[in-house]
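Numbered by UniProt numbering, the letters in the sequence shown go through residues 36 to 515 in order.
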Amino acid sequence: PVASMEELMSFCRSRAIILESSGVYGGAATTYDFGPVGAQLKKNIVDMWWRDFVENRDDVAPLDTGVILNPAVWRGSGHVEEFTDPLTQCETCKRRFRADKLLEEADGGAEHWDGKTLEEMGAALVALGVACPSCGAKAEAGLGTPRPFNLLFETSIGPVQDGSSTAFLRPETAQGALVQGPLVLSLTRARLPAGLAQVGKSFRNEIAVGQSLFRTREFEQAEIQVFCEPESSGDLLQQWVEDCNTWLVDRLGLTPSRIRRRVHEESELAHYALATTDIEFNYPFGWGELWGIANRGKYDLLRHEAASGQDMRFRDPRDGGRTAFHPFVVEPALGVGRLVLAVLSDCLVTEAAPAAAKGKKQAPGRLVLRVPDEIAPSRAAVLPLMNKDGMPERAAEIAAALRRMGAGGVQVDTSGSIGKRYRRQDEVGTPLCVTVDYTTLEDGTVTVRCRDTMRQARLSVADIEDAIGPRGLTRDKLQG
Ligand code: ATP
């Protein structure tokens, strides 16, 4: 794979796959934008997640809740009071940092500082001799005792901006599902365990953003809240960890050795969680959380019940609601940006060209985005050998036919040598290139070249149409 984060991001920028947001104004420090290839790749990944975890399961149903909820939701959930990160400020240069992250770096990740008190962190900053990453001042001289910093993004509703109009952009999609869950499950006559899944933007006023898509202030989440009988929540959590891990390997094709599970220790569990397992990915900058699978117990439902005064129990529709209880919630929460980053860093590889024959010039290596066919931004590209003699027109017809076959965005690329065009398609992950030449005009056959093997075969257009299905393409014919 491409070695460093810098190389990966500079490649992504050079092909307009991922761009700094508001770049012409010097950036927005909130998020990244996706150009044509990136936007399609992200959509294909999310679509695959949705098909596999929502459409193709009978225990998960779709949901779509608001970004700006009644602010009472965030008071009820505890976010207004407790959704904080420990912030330390350097008294010398005035820059602010997350104390837990500084400590994790200082002890080489030996400990997770999530559950520690602010005083414990303050003492540890001094004991470990942590220096300000910006100006180098030592903790005892100037990195202040951490204080809580709330990550909620505030906005206001209506024309009058006073305390009563304050509202929040959601920091997670979860609460929308938790607040509506018991009602939705009863009205849809759901049988437990029952999941509600949604994909959408979340917002956190992170103290520091960094490592490109890994930590941004505006990001997308794909979450499922699975409501279940309390007794089954432990096994259910294990099952979901298994399912999510298997999906990353079998469906997205991520390298198994770059994935690991980390079970949270009692002391670092979030206040709402009974148990949590993170699926971590080895990004170019090191291991980091990709998918957090938590057992939230009945924490949220009890809080919302106390705050709203409404009954938040699940009533089983099959016995007329006589059975009523607070279900537990098991929650696999996935960051879409982190997943795109994992796919890009795992699939973008540099390949040396095969050794040249004696006396021949050594061909340069190539950069290939080896994404699975199903998430490839374009399934095929059509390349007219010459930009004349009716070849571009024939190429356009073939591209239109392939699109009708469900091949997704099929491009026609006319510029540059055929070798250069193959390389360009390799870099954006296009599995097949279809070349139109003089013979095509005579007998209707084309040259089909495969991204991964670089093998070429002479086929009729009907054969390629055959090989490209609406969801995935069988390349057996082309491999042989
Ligand atoms: P971290 O410890 O890295 O801040 P978290 O434990 O706060 O993450 P969760 O609240 O569990 O994260 O959120 C669920 C998922 O949402 C995470 O696994 C991650 O993939 C994604 N996520 C959370 N915060 C961000 C962010 N600032 N930018 C991008 N993705 C994020």
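Just so it is clear, CB atoms sit at the ideal spot from N, CA and C, and this is done for glycine as well.
Since we're looking at a predicted model, the values are computed, not measured.
Check your understanding: Where does the unbroken alpha helix (DSSP H) through Lys-136 begin, and where does it stop?
Key -> 134-141
Check your understanding: What three-state label does DSSP hand Ala-64 in the structure shown?
Key -> coil
Review point. When you compare only the Cα positions, how much space is there between Lys-129 and Leu-178?
Key: 9 Å
Practice item. For Thr-470, count neighbouring Cβ atoms within 10 angstroms of its own Cβ and tell me buried if that reaches 16, exposed if not. Key: buried
Practice item. Indicate the three-state DSSP secondary structure (helix, strand or coil) for Thr-509 in the structure shown. Key: In this prediction, Thr-509 has a pLDDT of 46, which is less than 50 and means its spatial position is unreliable; nothing more can be read from the coordinates.
Exercise for review: Verify the contact flag: Val-244, CB atom, against every heavy atom of ligand 1, threshold strictly below 8 Å.
Suggested key: yes
Review point. Using CA coordinates, which residue listed in Val-298, Ala-212, Phe-349 is at the minimum distance from Leu-104?
Key: Ala-212
Check your understanding: Pro-183: buried (16+ other C-beta within 10 angstroms of its C-beta) or exposed?
Key -> Exposed, since its Cβ has fewer than 16 Cβ neighbours within 10 Å.
**Study point:** Asp-487 burial status per 10 Å Cβ neighbour count (16 or more: buried)
**Key:** That one is exposed.
Check your understanding: Taking the alpha carbon of Gly-332 as the point to measure from, which residue in His-361, Arg-429, Gln-397, Leu-420 has its own alpha carbon closest?
Key -> Among His-361, Arg-429, Gln-397, Leu-420, the Cα nearest to that of Gly-332 is on His-361.
Check your understanding: Touch check for the stretch 92-108 and the stretch 206-226: three-plus C-beta pairs under 8 Å?
Key -> yes
Practice item. Count the CB pairs spanning the stretch 364-384 and the stretch 278-289 that are closer than 8 Å, and state whether there are at least three. Key: yes
Practice item. Give a yes or no on whether the C-beta atoms belonging to Ala-257 and Gly-370 are separated by under 9 Å. Key: yes
Review point. Just checking my contact of Leu-204 with Phe-238 at CB under 8 Å: how many whole Å lie between their CB atoms?
Key: 4 Å
**Study point:** DSSP bridge partner residues for Phe-349 (one or two, in chain order)
**Key:** Phe-360
Exercise for review: Pull up the distance between the alpha-carbon of Tyr-473 and that of Glu-409, whole angstroms please.
Suggested key: Here the alpha carbon of Tyr-473 sits roughly 31 Å from the alpha carbon of Glu-409.
**Study point:** Residues sharing a beta bridge with Cys-468, DSSP
**Key:** Ala-416, Arg-484
Review point. Between Glu-386 and Arg-401, what straight-line distance do the alpha-carbon atoms span, to the nearest angstrom?
Key: Rounded to whole angstroms, Glu-386 to Arg-401 spans 5 Å at the Cα level.
**Study point:** Assumed close pair Ala-172, Thr-127 - CB separation to whole angstroms, cut-off 8 Å
**Key:** With a Cβ gap of about 4 Å, Ala-172 and Thr-127 count as contacting.
Check your understanding: What is the rounded straight-line gap between the Cα of Leu-187 and the Cα of Gly-150?
Key -> Cα atoms of Leu-187 and Gly-150: separation of roughly 19 Å, rounded to the nearest angstrom.
Practice item. Please work out which residues of its chain come closer than 6 Å, Cβ to Cβ, to Trp-109, disregarding the five sequence neighbours upstream and downstream, and give them in chain order. Key: Val-115, Phe-203
Check your understanding: So what does DSSP say about Cys-170, is it helix, strand or coil?
Key -> coil
Exercise for review: Note down the Cα distance separating Ala-134 from Ser-169, rounded to an integer number of angstroms.
Suggested key: If I take the Cα positions, the gap works out to 14 Å.
Review point. Counting pairs of Cβ atoms below 8 Å between the stretch 420-437 and the stretch 445-457, do you hit three or more?
Key: With the cut-off at 8 Å, the stretch 420-437 and the stretch 445-457 touch.
Review point. Does at least one heavy atom of ligand 1 sit under 8 Å from the Cβ of Trp-326?
Key: yes
Review point. Would DSSP call Gln-210 helix, strand or coil?
Key: helix
Practice item. Below 8 Å on the Cβ atoms is my guess for Arg-224 versus Pro-352; work out the distance and round it to an integer in Å. Key: 4 Å
Check your understanding: Using CA coordinates, which residue listed in Thr-449, Pro-419, Thr-66 is at the minimum distance from Val-244?
Key -> Thr-66
Point to revise | Element boundaries [beta strand (DSSP E), containing Ala-229] | key: 229-238
Practice item. Check whether the Cβ atoms of Pro-389 and Ala-398 sit closer than 9 Å, and answer yes or no. Key: yes
**Study point:** Any non-hydrogen atom of ligand 1 closer than 8 Å to Thr-251 Cβ
**Key:** yes
Review point. Which first and last residues belong to the beta strand (DSSP E) in which Trp-322 is found?
Key: 321-332
Review point. What residues in its chain sit with their C-beta under 6 Å from that of Asp-313, if we drop five residues either side in the sequence?
Key: Closer than 6 Å at Cβ, skipping near neighbours: Arg-297, Glu-324, Gly-327.
Review point. What is the rounded straight-line gap between the Cα of Arg-506 and the Cα of Gly-441?
Key: Only weak support exists for where Arg-506 lies, its pLDDT of 41 falling under 50; the coordinates are left without a value.
Check your understanding: Just to check, is the beta-carbon of Glu-140 closer than 8 Å to a non-hydrogen atom of ligand 1?
Key -> no
Check your understanding: Out of curiosity, what's the CA-to-CA distance linking Arg-373 and Ala-416?
Key -> 28 Å
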